[in-house]
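Residues in the sequence shown are numbered consecutively from 265, following this note's numbering. For every residue, glycine included, the Cβ atom is placed at its ideal position computed from N, Cα and C. A quick note: this is a predicted structure, and the numbers were derived from the prediction, not measured. First the structure, in the form of structure tokens, and then the observations on it.
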Amino acid sequence: MTEIPPLVIMGDAHLMQAQRAVPPDELASPRFQDRLQVLRAAMGHYQGIGIAAPQIGWGVRVFCMGIEHCSDRYADAPQIEFQFWINPCVKSTGSETAWAWEGCLSVPGMRGWVERPEAIVVSGLDESGQSVDTSLDGFAARVWQHEFDHLDGVLYPSRVVHPRWLVPESSLRHQPAWPKDWPSEGANATPPGALSARA
Ligand code: NI
265 MTEIPPLVIM
275 GDAHLMQAQR
285 AVPPDELASP
295 RFQDRLQVLR
305 AAMGHYQGIG
315 IAAPQIGWGV
325 RVFCMGIEHC
335 SDRYADAPQI
345 EFQFWINPCV
355 KSTGSETAWA
365 WEGCLSVPGM
375 RGWVERPEAI
385 VVSGLDESGQ
395 SVDTSLDGFA
405 ARVWQHEFDH
415 LDGVLYPSRV
425 VHPRWLVPES
435 SLRHQPAWPK
445 DWPSEGANAT
455 PPGALSARA
């Protein structure tokens, strides 16, 4: 049985620094491959839809993401095929942006209303070291960008531009009872796992 490492929580220096790229010989090693599976298991254990290596104290440019069954934390999210990303980079971003309620396993109990590009072109390596180039949009692009930020030591609260747009997670369960324009029109009408074209 895989031993699940503890989550690293906001405030830990490891979450606030850029991580190192993985060289090819390391990627091919059994130890690295084992740690990939630990990362995947941790994502499932903590019920994430994505998790980055630094969140389990592993200082490399690696994350995984996927929604292969209903997520309680993001009830309105679409399915996303499970995928590992190693040494990922952003090739280009679309000009359109979207807004969404983000959460993070390393920022427990909070949600933030965050604007990011709606579509991205990205590249990186998969778990076997093969190059992957792909375009992502919608919620998959959102999750990818959130996880990618972790590799540069960026947590989503630093992308929340208005204090009112950072709320306790429990507030979202009462979203239908919020005043119409609070905390903004888009934030009011958008459940976790969905995107909004307006703030
Ligand atoms: Ni996160």
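Taking 6 Å as the cut-off, is the beta-carbon of residue i closer than that to any non-hydrogen atom of the ligand NI?
i      : result
CYS353 : no
CYS368 : yes
Using a Cβ-Cβ distance under 7 Å, would residue i count as near chain B?
i      : result
PRO421 : Annotation note: the requested chain B is absent from the structure, which comprises a single protein chain.
Assuming residue i contacts residue j (C-beta within less than 8 Å), just tell me the rounded distance between them.
i      : j      : result
GLY457 : TYR338 : 3 Å
ALA362 : LEU459 : 4 Å
VAL407 : ILE344 : 7 Å
Identify the continuous alpha helix (DSSP H) that holds residue i and give its terminal residues.
i      : result
TRP446 : Unbroken run through TRP446: none, as it is neither H nor E.
VAL407 : 402-415
ALA305 : 294-309
GLU360 : Run containing GLU360: none; DSSP gives neither H nor E here.
GLU290 : 288-291
What first and last residue would you give for the beta strand (DSSP E) that runs through residue i?
i      : result
SER356 : 344-357
LEU271 : Unbroken run through LEU271: none, as it is neither H nor E.
PRO432 : 430-432
GLY367 : Taken as a continuous stretch (DSSP letters only), GLY367 belongs to no beta strand (DSSP E), as it is neither H nor E.
GLU379 : 374-381
ILE315 : 314-316
CYS328 : 326-331
At a cut-off of 6 Å, is residue i close to the ligand MN when judged by its beta-carbon and the heavy atoms of the ligand?
i      : result
SER460 : The ligand MN is not among the ligands present in this structure, which contains only the ligand NI.
Touch test, the segment 373-386 against the segment 323-336, Cβ-Cβ under 8 Å, three pairs minimum: no
Meets three-Cβ-pair contact criterion under 8 Å: the segment 417-426 and the segment 394-403: no
Three CB pairs or more closer than 8 Å across the segment 374-388 and the segment 424-433: yes
The segment 294-309 contacting the segment 266-280, beta-carbon criterion three pairs below 8 Å: Inter-segment contact for the segment 294-309 and the segment 266-280 is present: three or more beta-carbon pairs are separated by less than 8 Å.
Segment contact, 8 Å Cβ cut-off, at least three pairs: the segment 403-416 with the segment 276-289: yes
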